[in-house]
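What follows is one structure encoded as structure tokens, with my remarks underneath.
Numbering (the numbering used here), first residue to last: 33 to 490.
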């Protein structure tokens, strides 16, 4: 199955290495690093490639690469999912995944690998089950600031760097905590006129529990929640001819939260879900997704953008691109790390930008890459209700023509909006089913919406 497993740093150093079958050369780590580093000029290496009959499968996380090699005809998706699961387990036990965290937890990680793989065959990948076989204590290390996602969006709860084995506290008692994150990835495509052509949200309710004794939980969602696939028969209606539930039937009711489909974790008890939209569960140790869902209904895009390309009266070899951005989110919310990426024609040799209003220059900036001809308009923080503009003056190597307008774009937006749910899904309460008077856990519930593909056609 899997011949080798190793973890490689960005410099090519092998931090962790296990050889299970001995049928792959020992130089495979160097082969992998050289091939991925110099795959193609200007192109990133894919997660799967073959060199000399050896398949290399890898995932990136925490600034390092987890790699598996094999000569067998295995399922690529199975191996990649296993590598992602290994990354999650290392985070569960070491608090974070990074070069320093791995180096300080060599014995623990090798101990975990011995239980995860047996002669190249994946075994138990349950964080809770592995606790029985782990004897080494972890050294929890927070990742470097440069490697920290703004809101931990790669996977799991935000800013949580703690081991499931960590029971130390100043008073010798365990600190009971539970973290729940509603993480949504938004995909929207706009027409050249600025109207949404397609939109979809892929979301997950991520849970990470540090509760002693694994008490039961009860999570309450929106009362006005409808799930198309689950509630189809209930909303068929006598006059509908058995056609089933259609989100269009309720398009006029803006209060409904409509999801196309939801997949719940195996620990979720849904006996009361259809009646009161509540989920009962006993959370396993470590990080897991209580529910994964998607929807394409009732979405209001958080940003609008207009773009216009015009000739410059001063010279035939100059052009002007005008951008205007509206933030259609509540005023008490703000987008972090917003980037507007504008691909420009290859004939553009120089760019100079002016932002409006002039006093907002401290909140934003711009950058032009001459090699990729990509103009980036950046914002550290953009509050809701903001209306900003930028004028980019282009210097061209050939005279301006009507065809130049078609060479600008499409424009792509990248952003993160904390404490904002694009689907309007919310947790009404999080109840811990334990009545011990001395039991005083801390609950953390957060919402994060980030862009997956947010594109404006031109």
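Backbone N, C-alpha and C define an ideal beta-carbon position, used for all residues, glycine too.
Paired residues, beta bridge with residue 368 - DSSP: 413, 448
Neighbour-count burial assignment, residue 456, 16 or more Cβ in a 10 Å radius: buried
Residue 317 burial status per 10 Å Cβ neighbour count (16 or more: buried): In the assembly as shown, residue 317 is a buried residue. Its beta-carbon has 16 or more other beta-carbons within 10 Å.
Span separating the alpha-carbon of residue 299 from that of residue 322: 8 angstroms
Beta-carbon contacts of residue 273 that lie in its chain and below 8 angstroms, excluding the five residues immediately before and after: Model confidence at residue 273 stands at a pLDDT of 39, short of 50, so the residue's coordinates are unreliable; what they give is reported in the following sentence. Here the set comprises nothing.
C-beta contact flag for residue 235 and residue 212 at 8 angstroms: no
Rounded distance between the beta-carbons of residue 34 and residue 536, thought under 8 angstroms: Residue coverage of the chain in this structure runs from 33 to 490, which leaves residue 536 outside it and unanswerable.
At least 3 beta-carbon pairs within less than 8 angstroms: the segment 372-379 vs the segment 451-469: no
Which of helix, strand or coil DSSP assigns to residue 515: Outside the displayed range of the chain (33 to 490) lies residue 515, so it cannot be described from this structure.
Beta-carbon gap between residue 102 and residue 83 smaller than 8 angstroms: Contact: no.
Uninterrupted beta strand (DSSP E) stretches inside the segment 414-484 (no shorter than 3 residues): 419-428, 443-450, 459-465
Distance, residue 425 Cα to residue 351 Cα: 6 angstroms
Sequence-distant residues of its chain with Cβ nearer than 6 angstroms to residue 90 (five each side left out): 79, 97, 99
Residue burial classification, residue 460 (beta-carbon count within 10 angstroms, cutoff 16): exposed
Reference residue 134, options 41, 257, 405, closest by Cα: 41
Backbone secondary structure at residue 388 - three-state DSSP: strand
Rounded straight-line distance, which links the Cα of residue 104 to that of residue 227: 49 angstroms
Residues of its chain near residue 473, where Cβ-Cβ distance is below 7 angstroms and the 5 sequence neighbours each way are ignored: 208, 209, 210, 243, 464
Proximity of residue 445 and residue 483 at Cβ, strictly below 8 angstroms: yes
Presumed contact (8 angstroms Cβ cut-off) between residue 398 and residue 408, rounded CB distance: 6 angstroms
C-alpha gap between residue 487 and residue 222, whole angstroms: 6 angstroms
Inter-residue spacing [alpha-carbon to alpha-carbon] between residue 183 and residue 349: In this predicted model, residue 183 has a pLDDT of only 44, less than 50, meaning its place in the structure is not dependable enough to derive any value.
Nonlocal neighbours in the same chain, by C-beta distance under 6 angstroms from residue 259, ignoring five residues either side: 291, 294
Cβ shell of residue 342 (< 6 angstroms), same chain only, five flanking positions each side left out: 352
Coil, strand or helix - residue 221 by DSSP: strand
Closest residue to residue 302 among 252, 128, 471, 289 (Cα-Cα distance): The candidate whose alpha carbon is nearest that of residue 302 is 252.
Helix, strand or coil at residue 308 according to DSSP, with G and I counted as helix: Three-state DSSP puts residue 308 in a helix.
Other residues of its chain near residue 328: CB distance less than 7 angstroms, five sequence neighbours each side excluded: 231, 232, 292
Inter-residue spacing [alpha-carbon to alpha-carbon] between residue 248 and residue 462: 11 angstroms
Sequence-distant residues of the same chain with beta carbon closer than 7 angstroms to residue 106, five excluded per side: 33
Where residue 431 falls, given that 16 or more other Cβ within 10 Å makes a residue buried: Flag for residue 431 reads exposed.
Closest residue to residue 256 among 237, 229, 238, 289 (Cα-Cα distance): 289
Counted within 10 angstroms of its Cβ, other Cβ atoms place residue 417 as buried (16 or more) or exposed: exposed
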